[in-house]
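*Asks:* My questions will all concern the structure given below.
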Amino acid sequence: MAKPAKLVRVRAWLLAERLDPRPLEAEGALDTAPLVLRLPQDGVAVVFRYGAVVLFNAGDAVEQEFLDRVAPLLTEPLAVREKDEARLRVDPAAEEQVDATGAIVIREMNIERLQAIAIVLAKSVVLSHYELRLAAIFDRIDPLAADLAVRARNRGRGRELMRHIGKVLLIQHKMVGRVEIGDKPELLWEHPELERLYARLAEEYELRERDHALDRKLEVISGTVQTLLGLVQSESNLRVEWYIVALIVVELLLVIYPPALWGHFWP
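If you read the sequence shown in this note's numbering, its first letter stands for residue 7, the second for the next number, and so on.
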């Protein structure tokens, strides 16, 4: 007789910019690439160095206990944590896919499948976080561009624009160097039988499309900010040039009309 289908709650959290997994590894792990831990009441946690954790079959109390447990391991914790939730259905007789209801369907709940699912969900929650951050940067840049268009000037904005450039470069570094959104996970090199499941999940969560959309937004923001900064610097350079011209004019006047002759003009 076939085993009945089992429904499992899955939650992905983005907690911080970095998470040090070494203390958790020392306590014992089911696997380390990515790190998989056993939780009470048959729960499982998958932990990522870039600050994400994905919890399977963890009730509210178990989940909160684990989040409190990893809190000391976080670097630059987020003021507002990003969260996503999914439903996992374990059905030995079903095809592995995302069904019409949005549930992730797998035949068995082994470590490798949970890792594949966790990688997709962790990347998705990171993308959600950066989508919000870029939207906030857009909101800050728009008034600067509007002010420049109306007044044809943007004095005192250089430092603010430089901060926006720094934020964009930092996001690019994190996405490429840490999260590796567009890269094939090492898990699939060791378990090629999971490629089809991973591809279906990545397509369902639109990882590639969202990654490309973020790249385009980063390019637009970077280009806009650099253009505005160039205009600000040009305006500053123009003012300096006018100061120099004024000094030259004063110097010429002093040469043409020495101070000794000033008495002829002003009694």
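Every residue, glycine too, gets a C-beta built ideally from N, C-alpha and C.
Taking the continuous beta strand (DSSP E) assigned at E82, which residues delimit it?
*Replies:* Locating residue 82 in the sequence shown gives position 76, where the first residue counts as 1. Start and end: L80 to V96.
*Asks:* Rounding to the nearest angstrom, what Cα-Cα distance links A205 and D105 in this structure?
*Replies:* Translated into positions along the sequence shown, residue 205 becomes position 199. Translated into positions along the sequence shown, residue 105 becomes position 99. Looking at the two C-alpha atoms, the distance is approximately 14 Å.
*Asks:* In this structure, how does DSSP classify V246 when only helix, strand and coil are distinguished?
*Replies:* By one-based count along the sequence shown, residue 246 stands at place 240. Unreliable positioning characterises V246 in this predicted model, as indicated by a pLDDT of 49, which lies under 50. The coordinate reading is nonetheless provided below. Note: V246 maps to helix in three-state DSSP.
*Asks:* Mind checking who A58 pairs with in its DSSP beta bridge?
*Replies:* In the sequence shown, residue 58 corresponds to position 52, counting from 1. Answer is L20, bridged to A58.
*Asks:* Reducing DSSP to helix, strand and coil, say where A35 ends up.
*Replies:* Working through the sequence shown from its first residue, we reach residue 35 at position 29. Of the three classes helix, strand and coil, the one that applies to A35 here is coil, per DSSP.
*Asks:* For L140, which of F54, E201 and E225 has the nearest alpha-carbon?
*Replies:* Here residue 140 corresponds to residue number 134 of the sequence shown, with the count starting at 1. Per the Cα distances, E225.
*Asks:* Pull up the CB-CB distance for L30 and V53, whole angstroms please, since I reckon it's below 8 Å.
*Replies:* Looking up residue 30 in the sequence shown gives position 24. Looking up residue 53 in the sequence shown gives position 47. Rounded, the Cβ-Cβ distance is 6 Å, consistent with contact.
*Asks:* Note down the Cα distance separating P40 from P83, rounded to an integer number of angstroms.
*Replies:* For the purposes of this step, residue 40 is taken as residue 34 along the sequence shown, with counting starting at 1. For the purposes of this step, residue 83 is taken as residue 77 along the sequence shown, with counting starting at 1. Going by the C-alpha atoms only, they are around 20 Å apart.
*Asks:* How long is the line joining the alpha carbons of D221 and V132, rounded to whole angstroms?
*Replies:* Against the sequence shown, residue 221 aligns to sequence position 215. Against the sequence shown, residue 132 aligns to sequence position 126. Between D221 and V132, the C-alpha separation is close to 14 Å.
*Asks:* Measure the CB-CB distance between L193 and A122 and report whether it falls below 8 Å.
*Replies:* Here residue 193 corresponds to residue number 187 of the sequence shown, with the count starting at 1. Here residue 122 corresponds to residue number 116 of the sequence shown, with the count starting at 1. Yes, Cβ-Cβ distance for L193 and A122 is below 8 Å.
*Asks:* Can you have a look at V50 and say buried or exposed, based on whether 16 or more other CB atoms are within 10 angstroms of its CB?
*Replies:* In the sequence shown, residue 50 corresponds to position 44, counting from 1. The residue in question, V50, is buried, as its Cβ has 16 or more Cβ neighbours within 10 Å.
*Asks:* What are the start and end residues of the beta strand (DSSP E) that includes R44?
*Replies:* Residue mapping note: residue 44 aligns to position 38 of the sequence shown, counting from 1. L41 to L45 is the extent of the beta strand (DSSP E) around R44.
*Asks:* If you draw a straight line from the alpha carbon of A85 to that of A99, how long is it in whole angstroms?
*Replies:* Locating residue 85 in the sequence shown gives position 79, where the first residue counts as 1. Locating residue 99 in the sequence shown gives position 93, where the first residue counts as 1. Those two C-alpha atoms are separated by around 43 Å.
*Asks:* State the beta-bridge partners of L13 as determined by DSSP.
*Replies:* In the sequence shown, residue 13 corresponds to position 7, counting from 1. Beta-bridge pairing links L13 to R95.
*Asks:* Looking only at DSSP bridge pairs, what is A51 linked to?
*Replies:* As a working mapping, residue 51 is identified with position 45 in the sequence shown. Answer by DSSP bridge pairing, in chain order: L43 and L61.
*Asks:* Candidates D97, H197, L73 and P78: which alpha carbon is nearest R87's?
*Replies:* For the purposes of this step, residue 87 is identified with residue 81 of the sequence shown, where counting begins at 1. Selected option, being the one with the closest Cα: L73.
*Asks:* Indicate the three-state DSSP secondary structure (helix, strand or coil) for I112 in the structure shown.
*Replies:* Mapped onto the sequence shown, residue 112 falls at position 106. Here I112 sits in strand by DSSP.
*Asks:* Output the boundary residues of the alpha helix (DSSP H) element that contains E71.
*Replies:* Translated into the one-based positions of the sequence shown, residue 71 becomes position 65. E71 -> alpha helix (DSSP H) spans D66 to V76.
*Asks:* Taking the C-alpha atoms as reference points, what is the distance between Y211 and D217?
*Replies:* Position 205 of the sequence shown, counting from 1, holds the residue named residue 211. Position 211 of the sequence shown, counting from 1, holds the residue named residue 217. Each residue's alpha carbon lies about 11 Å from the other.
*Asks:* Using a Cβ-Cβ cut-off of 6 Å (strictly less than) and excluding sequence neighbours within five positions of G188, which residues of its own chain qualify?
*Replies:* Counting from one through the sequence shown, the residue named residue 188 turns up at place 182. D217, listed in sequence order.
*Asks:* So, using beta-carbon positions, are L127 and A18 closer together than 8 Å?
*Replies:* Taking the first residue of the sequence shown as position 1, residue 127 is located at position 121. Taking the first residue of the sequence shown as position 1, residue 18 is located at position 12. Cβ atoms of L127 and A18: closer than 8 Å.
*Asks:* Please go through the same chain and pick out, in chain order, the residues whose beta-carbon is closer than 7 Å to the beta-carbon of G65, but skip the five residues on each side of it.
*Replies:* Position 59 of the sequence shown, counted from the first residue, corresponds to residue 65. Once the five neighbours on either side are set aside, the close Cβ partners of G65 are Q47.
*Asks:* Rounded to the nearest angstrom, what separates V42 and I117 at their Cα positions?
*Replies:* Here residue 42 refers to the residue found at position 36 of the sequence shown. Here residue 117 refers to the residue found at position 111 of the sequence shown. Going by the C-alpha atoms only, they are around 8 Å apart.
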